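Let me begin by presenting the structure, written as structure tokens, before commenting on it.
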Amino acid sequence: MDHQHQDHDAHSYNSHNAQPYSGNMASHVTPPHPGTPNTEGSRNPFGETPEPIANQRLAAATGTNPFGTPAVSRPASSFGSSSALGPRFEERAQRFFHSRRVAKGDVEKPWLQKKDKKEKWVTIIPVVGIFIGLAISGFLVWDGLRSVVHHKYCPLMDEDFANGLDSSVWTKEVQVGGFGNGEFEMTTGGDENVYVDNGNLVIKATLQDADKMEKTTTIDLQKDGTCTSTNFYDCVAITNTTAGNSSVVPPVKSGRIHTKKGATLKYGRIEVTAKLPQGDWLWPAIWMMPVKDTYGPWPASGEIDIMESRGNNWTYAQGGNNIVSSALHWGPDPANDAWWKTNNKHKILRGNFGDDYSTFGLEWSQKYLFTYVNTRLMQVLYTNFNKPMWQRGAFPQTNNNGSRLADVWSQTGHKNTPFDQEFYLIINLAVGGTNGWFEDNKSLKPWLNGSPNAKKDFWTAREDWYPTWKQPQMEIKRVLMLKQCDGNEEL
């Protein structure tokens, strides 16, 4: 076969196929993949006219790629230069895909030609909804702020103990009777257990003298004239070493002070900044009692517990010194004390209340009463006096003896009775007790609440609990008492 004819045919084939396709792609069948059998006779699927088979064979024989660009049509600079091809391929790689089926400029965009009148509501409705939501939220915030009562308070006492303990305000309790809870401490009137150190008031628990526990001894506070109670058993304690006798004097000494003589409060705010003790079976408390038993003996005239805790660590089953609790005690008699309806706890997130100082507060009015830790926003107990306390208590008609229980509160017309009278502040550090504050059979408690040997058993186990008394004192930095003085108790 002659080379001129061969070159001419190859050039004719490649030149023909190099022409760009200018027909309407939408009106043609999609070209088959190269190598797919041609079902339409000898028509070349890659061109517009049939291609002779001889020319295809001739191209294959001469090594010419029928699908490549003809050599004679390449620019001179592209031969032998790989760098000349690089930018062209990079440019093509960066182009976005565009289908050949859709010609440029033929894409219909009706939303640009004519807008639907209803489309505006797609924007208007959400905007109106947001506006209404903001308006409602603003109203609720305004109404909430408007409903918050902002009382005016006047200073009643602000004690930082810089000048010691003011005896005209504070009274040290001196007793041995356990204060109705079967507590194991005797409270003293000297400086051993209640004193001021570096500007802080310290109430510290110490061990009783061993001789008074192990030898026949009598502590008679009436005889030396120091007892602050008129009850005989609050003033006299005996250790009897006779076989079979379990009587012992209190195994621990501690302190208890109050403001009954110098500062009483009916409605206002109290804040006590204190660091709590660390040690097993210690029982710190900041609380209030009524100046007078206006409605009868405890708990008929009420009790306000601002803060109570335990010196045991966090592993103690009932909650140790990482938890504080608040409660109100109220009821017609001790058997019907409804404290469990007004009681709550607060747990510190890390550490315990013996690591640093915390502020334990109370805000009290005729409409509400709440306790808090460090800030009024961190409330422990909140009680809303929105209905009479007798109704809230739902007490039975009779007590355990069959005697009828009389409603002595509702006659006042105040929903917060008995918490509508003067109260005084008490701060103390108790130890142990048999009233259930430390429950039986929990955390290896060394005594039973119902046992006549409770105090003696506690003393006998001192080698177990006394080593835990790493910080057996309660330290008070400041006591603030503010009296509500806005002239309107009804708020």
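First residue of the sequence shown? That's 1297 in my numbering, and the numbers climb one at a time after it. Cβ atoms here follow ideal geometry from the backbone N, Cα and C, with glycine treated the same way. Predicted model only: the values in this text are computed from it and were never measured.
- Judged by DSSP in its simplified three-state form, Asn1632 adopts helix.
- With fewer than 16 other CB atoms across the displayed protein chains lying within 10 angstroms of its CB, Arg1646 is exposed.
- Assignment of alpha helix (DSSP H) within the segment 1618-1688, counting only whole runs of 4 or more residues, yields no such run.
- Taking C-beta separations shorter than 8 Å and ignoring five residues to either side along the sequence, the partners of Thr1502 in its chain run Glu1488, Asn1489, Val1548, Lys1549, Ser1550, Pro1768, following chain order.
- Put simply, of Asn1618, Thr1483, Leu1725, Phe1754 the residue whose alpha carbon is nearest the alpha carbon of Asp1736 is Phe1754.
- For Arg1606, the three-state secondary structure derived from DSSP is coil.
- For Cys1781, same chain residues with a beta-carbon under 6 Å away, outside a window of 5 residues either side, are Lys1448, Cys1450 in chain order.
- Excluding its 5 nearest sequence neighbours in each direction, Pro1714 has C-beta neighbours in its own chain below 8 Å: Pro1586, Thr1590, Tyr1591, Ala1596, Ser1597, Gly1598, Trp1626, Met1685, Trp1705, listed in chain order.
- Looking at the backbone, the Cα of Ser1525 and that of Ile1553 are separated by about 13 Å.
- Going by C-alpha positions, Thr1756 is about 31 Å away from Leu1497.
- At the C-beta level, Ile1723 and Ala1581 come within 9 Å of one another.
- Taking 9 Å as the cut-off, the beta carbon of Asn1745 is found closer than this to the beta carbon of Phe1734.
- For the options Trp1579, Phe1649, Gly1783, the alpha carbon positioned closest to that of Phe1480 is the one of Trp1579.
- Using a Cβ-Cβ distance cut-off of 8 Å, the segment 1600-1617 and the segment 1678-1692 are not in contact, since fewer than three pairs of beta carbons, one from each stretch, lie closer than that value.
- Residue environment: Gly1564 is assigned as buried (16 or more neighbouring CB atoms within 10 Å of its CB, all protein chains considered).
- Excluding five sequence positions before and after Lys1741, the CB atoms of its chain that fall closer than 7 Å to its own CB belong to Phe1734, given in chain order.
- Your pair Ile1619 and Lys1641 checks out as a contact, with CB atoms roughly 6 Å apart and the cut at 8 Å.
- With a contact defined as Cβ atoms closer than 8 Å, Val1775 and Val1568 qualify at about 5 Å.
- Taking Cys1523 as reference, the option from Gly1476, Lys1571, Gly1485 with the minimal CA-CA separation is Gly1485.
- Bridge partners of Glu1567 according to DSSP: Gly1657, Leu1776.
- Listed in chain order, the beta strand (DSSP E) runs fully inside the segment 1512-1538 are 1513-1516, 1532-1535, counting runs of at least 3 residues.
- Here the C-alpha atom of Trp1417 lies approximately 18 Å from the C-alpha atom of Gly1429.
- Ser1661 and Glu1785 have their C-alpha atoms roughly 7 Å apart.
- The straight-line gap separating the alpha-carbon atoms of Ile1432 and Phe1656 is approximately 36 Å.
- Judged by pairs of C-beta atoms under 8 Å, the segment 1688-1701 touches the segment 1632-1641, as three or more such pairs exist.
- Per DSSP, the continuous alpha helix (DSSP H) segment holding Ala1750 begins and ends at 1750-1756.
- Positions of the beta strand (DSSP E) runs, each at least 3 residues long and wholly inside the segment 1697-1775, are given as 1719-1727 in order along the chain.
- With contacts defined as CB atoms closer than 9 Å, Lys1711 and Asp1651 fail to qualify as a contacting pair.
- A residue is called buried when at least 16 other Cβ atoms come within 10 angstroms of its Cβ; Arg1700 does not meet this threshold and is exposed.
- Assigned with DSSP and collapsed to three states, Val1423 falls in helix.
- Here the alpha carbon of Asp1507 sits roughly 17 Å from the alpha carbon of Asn1541.
- In this structure, Ser1605 is the residue among Lys1468, Asp1505, Asn1697, Ser1605 with its C-alpha nearest to the C-alpha of Gln1574.
- In the assembly as shown, Phe1427 is an exposed residue. Its beta-carbon has fewer than 16 other beta-carbons within 10 Å.
- Nearest C-alpha to Ala1458 among Ser1464, Val1445, Trp1438, Val1492: Val1492.
- Here Asp1439 carries a helix assignment [DSSP, helix/strand/coil].
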